[in-house]
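Residue numbers (my numbering), protein chains in the order written: chain A, 40 to 496; chain B, 40 to 496.
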């Protein structure tokens with residue numbers, strides 16, 4: 040019998056990020072003879088594909104964001120640290136991260152970087168204040184406050200113009216997130232809120248989906264994109280393609296049409312679902328390793344998902360640039376598992392795996408209840424069957440986490456009934472203190488906002 | 040047949056507040072020949088007795104805070120307006136309210152004021168920043184962030200002293216809210232988080248329940264109070280009575296004991312559940328009607344819950360001072376129904392009801408799962424039977440609202456399992472930007488907090 044007790048200290052793996060890439064990499068390393076440290080700037084794993092349901096009041100934040108350390112509680116070789124990574128040092132092999140001012144330097148033997156991507160405003164970061172993105176729980180709760188808040192203020196408004204701009208919702212970006220948001224806002228207005236107001240008629244709300252490109256859901260192909268568009272229009276969404284956003288302010292959005300004409304849409308509530316830009320950690324990796332960065336800040340990796348000259352550093356998920364793979368959950372999950380497997384082989388002294396190959400499991404987007412589009416290789420379908428497939432896939436995923444049963448219940452409520460269980464706006468998030476603040480003279484700026492001396496922001 | 044069409048415009052009832060008083064008054068007026076306008080500064084009705092479960096991660100905010108306008112959606116004579124009431128004019132019979140700067144003046148024929156109470160720091164409002172109260176959803180989410188955040192930071196801390204102060208939780212006030220919070224924090228630390236951390240042992244967390252008075256749950260009598268105390272101590276809560284808080288700062292709390300000695304407890308996370316002070320609208324009512332105010336700002340009302348000289352103005356709930364009735368849900372509900380009934384009789388030209396009489400339906404408080412205290416008149420019980428009664432009463436109440444089934448599920452998760460489904464901290468609420476910010480030199484103030492240019496606070 041050989042002694043299997045390791046001679047030296049265990050191989051230290053640091054994982055950055057608690058999204059699909061980070062969490063699945065950590066889980067894949069369960070049982071491996073390594074110490075795993077997952078560093079993330081939120082305490083939760085985010086199931087981003089359902090973020091639009093938190094924004095529109097269907098699900099609670101807890102339902103799509105289980106505590107990362109709870110998911111990993113029984114994995115003895117993994118620890119979780121709250122921290123925003125500020126510096127990577129590929130020479131010293133250390134990660135510097137800080138949480139609420141506490142700075143920690145964590146050394147590694149292998150590193151898996153899965154820090155994801157944020158919203159991109161294509162150089163117009165000033166738009167962010169008026170058109171929040173859809174990348175985090177904070178974004179979703181902010182938008183929830185703005186969406187429901189718009190109807191509240193419309194009920195109080197006095198002029199038709201004011202009511203109109205409060206009841207116009209503009210979603211920028213006709214990819215899956217934008218399509219799902221536009222569809223849900225339309226359902227919310229036309230179905231959920233139908234009987235809730237006395238002066239305004241929520242069913243008359245206008246939902247506009249804008250994109251500079253010429254198609255809805257371009258990644259799904261022309262046929263499915265066309266069907267998605269038709270379905271959106273059937274539920275009352277105004278689809279405007281070839282429309283480039285050139286300005287966003289508190290009361291509206293300016294677009295330039297394909298014919299060069301400019302047009303303004305008066306709308307208080309805007310959602311930005313148009314572009315992503317990889318974590319700024321990508322730039323640090325590129326600088327230190329010589330890897331290339333694309334315009335979205337993604338890092339070009341080698342066929343085994345490592346950095347040139349740094350076989351101990353893997354980059355996976357939305358930060359990774361490889362074979363034009365899209366920034367979707369499956370790419371992150373498969374990349375993370377590959378990186379973990381490769382790393383374990385190396386630690387065990389086994390020969391390396393062949394180059395990473397992505398298996399396309401297809402993609403899907405919901406448009407409204409009972410209606411979705413699904414594309415799996417050559418198989419394409421839309422409508423109710425596609426929606427059932429969407430439901431099935433998400434239920435299977437959700438069962439993977441503990442106590443997500445309430446999610447199913449909330450879906451029953453929303454899809455079969457017309458309710459939304461999670462409509463809370465907090466005072467912290469309330470609409471109030473953002474775009475609406477500067478709505479013009481007919482709004483009194485001396486309102487009692489959240490008291491300044493209160494704990495909180 | 041007589042013509043029942045009203046000759047003039049309908050009687051206009053304005054209700055201020057969407058808590059138990061406001062909502063139940065509005066519901067009681069369903070079907071009455073009046074126009075009801077409910078003005079409230081939140082868009083939800085808050086089931087305050089379960090706020091501690093939101094703060095400790097058991098329930099989502101939506102589960103205890105249904106949208107007020109959804110609850111009243113089918114009541115055709117009621118409309119709901121978002122607004123903070125800034126001015127009452129009893130002469131002109133108008134209510135001035137503002138939402139996000141939009142000022143609205145709403146006239147009334149009858150007024151029901153049910154604006155509730157906020158936390159009182161007994162003249163030490165500077166404590167609020169370091170020890171949030173337990174009166175609103177914002178409070179509960181803020182505390183959720185601080186409680187879970189404390190453990191996160193303890194996992195990162197380097198010195199034993201730092202770990203100790205991050206893992207000490209002080210709850211001020213041994214009434215029902217304080218007892219329930221202390222019990223839940225103890226269960227969270229000792230049960231839920233048991234396996235979630237690697238460096239700290241959450242089971243070693245210290246939970247201190249302080250009160251200046253000499254008893255736990257004094258309103259439940261000596262015997263039940265004693266049992267509650269014994270149960271709290273059994274689950275590891277340190278009960279300190281006769282301890283007056285004289286100072287609160289970011290890292291601790293200073294108390295003066297009954298013997299005059301001062302003592303400091305190092306604790307980052309503090310909860311204030313010690314006192315209430317009625318809405319400042321009480322002072323306006325007193326000034327304009329000559330009614331008396333007590334020290335907590337409550338308004339002395341006549342036997343029919345109206346103001347002297349103003350039979351058209353009712354005050355109910357936590358703002359009302361009458362027969363030493365406590366600030367509990369049942370007093371608000373019964374007062375609201377009485378006011379609505381009295382008002383309907385007046386409008387219908389019927390003789391008035393006799394003076395308001397409160398029927399004490401008893402009170403209850405949970406201490407931990409499976410353990411509560413219940414006092415109904417002379418009947419008193421504690422332990423599991425009391426807990427079953429608590430569960431029964433809350434289930435019945437909750438069934439009164441649509442889609443609260445998830446609440447039951449979350450309870451199954453928390454009481455039978457050890458999970459907490461709702462542990463999300465948002466970046467907006469994260470601990471980060473409050474008490475923790477000034478923790479001392481070992482914390483770097485140059486941390487990446489929530490970017491200033493982001494939408495939000």
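The beta carbon of each residue, even a glycine, is placed where N, CA and C say it ideally should be.
These figures come from a predicted structure and were not determined experimentally.
With respect to the C-alpha of residue 106 (chain B), the residue from A:104, A:114, A:97, A:101 having the closest C-alpha is A:97. Residue 146 (chain A) sits in a strand when the DSSP states are folded into three classes. The three-state secondary structure of residue 271 (chain A), taken from DSSP, is helix. For residue 323 (chain A), the enclosing alpha helix (DSSP H) has its first and last residue at 320-328. Along the stretch 126-159 of chain A, the positions whose C-beta sits under 8 Å from a C-beta of chain B are 137, 138, 139, 140, 141, 142, 143, read in chain order. Judged by DSSP secondary structure, residue 189 (chain B) falls within the alpha helix (DSSP H) whose first and last residues are 176-195.
The count of Cβ pairs closer than 8 Å, one atom from the stretch 111-127 of chain A and one from the stretch 284-294 of chain A, stays below three, leaving the stretches out of contact. Identification of chain A residues near residue 68 (chain B) by a Cβ-Cβ cut-off of 8 Å yields none; the smallest Cβ-Cβ distance measures about 15 Å. In its chain, beyond the 5 residues on either side, 248, 250, 255 have a beta carbon closer than 6 Å to the beta carbon of residue 213 (chain B).
Annotated three-state conformation of residue 172 (chain B) is coil, per DSSP. Interface annotation, residue 290 (chain A): not in contact with chain B, CB-CB separation never under 9 Å. Taking 9 Å as the upper bound on Cβ-Cβ separation, chain A lies near residues 231, 232, 233, 234, 235, 236, 237, 238 of the stretch 227-238 of chain B.
By the CB criterion at 9 Å, residue 64 (chain A) and residue 379 (chain A) fall inside the cutoff. Under the three-state reduction of DSSP, residue 258 (chain A) is assigned to helix. Counting along the chain, residue 350 (chain A) sits inside the beta strand (DSSP E) bounded by residues 349-354. Among the residues of the stretch 302-331 of chain A, none has a Cβ less than 7 Å away from any Cβ of chain B. Sequence-distant Cβ neighbours of residue 336 (chain B) in its own chain, meaning closer than 6 Å and more than five residues away, are 316, 317, 321. For residue 216 (chain A), no chain B residue has a Cβ inside 8 Å of its Cβ, as the nearest lies near 17 Å away.
Residue 334 (chain A) and residue 324 (chain A) have their alpha carbons spaced roughly 15 Å apart.
Counting the other Cβ atoms within 10 Å of the Cβ of residue 424 (chain A) gives fewer than 16, which makes it exposed. Closer than 9 Å to the CB of residue 203 (chain B) there is not a single CB belonging to chain A. Where residue 103 (chain A) is concerned, the enclosing alpha helix (DSSP H) starts and stops at 100-103. Under DSSP, the beta-bridge partners assigned to residue 51 (chain B) are B:74. At a cut-off of 9 Å between beta-carbon atoms, residue 118 (chain A) makes contact with chain B. No Cβ of chain B is located within less than 9 Å of the beta carbon of residue 272 (chain A). For residue 333 (chain A), the secondary structure class from DSSP, reduced to helix, strand or coil, is coil.
DSSP, reduced to helix, strand and coil, places residue 136 (chain B) within a strand of the structure shown.
Contact annotation for residue 375 (chain A) against chain B: no contact, minimum CB-CB distance about 21 Å [criterion: below 8 Å]. According to DSSP, residue 291 (chain B) shares a beta bridge with B:305. Within 9 Å of the CB of residue 192 (chain B), the CB atoms of chain A belong to 121, 138, 139, 141, in sequence order along the chain. Here residue 433 (chain A) is not near residue 129 (chain A), since their CB atoms are 9 Å or more apart. Per DSSP, residue 426 (chain A) has no beta bridge partner at all. The beta carbon of residue 133 (chain B) sits closer than 6 Å to those of 144, 146, all from its chain and outside the five residues before and after it, given in chain order. In the structure shown, residue 157 (chain B) falls within a strand segment according to DSSP collapsed to helix, strand and coil.
For residue 195 (chain A), the C-beta contacts it makes with chain B under 8 Å involve 120, 121, 122, 138, 141, 143, in order along the chain. A distance below 7 Å between beta-carbons, with the five flanking residues on each side excluded, links residue 257 (chain A) to the following residues of its chain, in chain order: 264.
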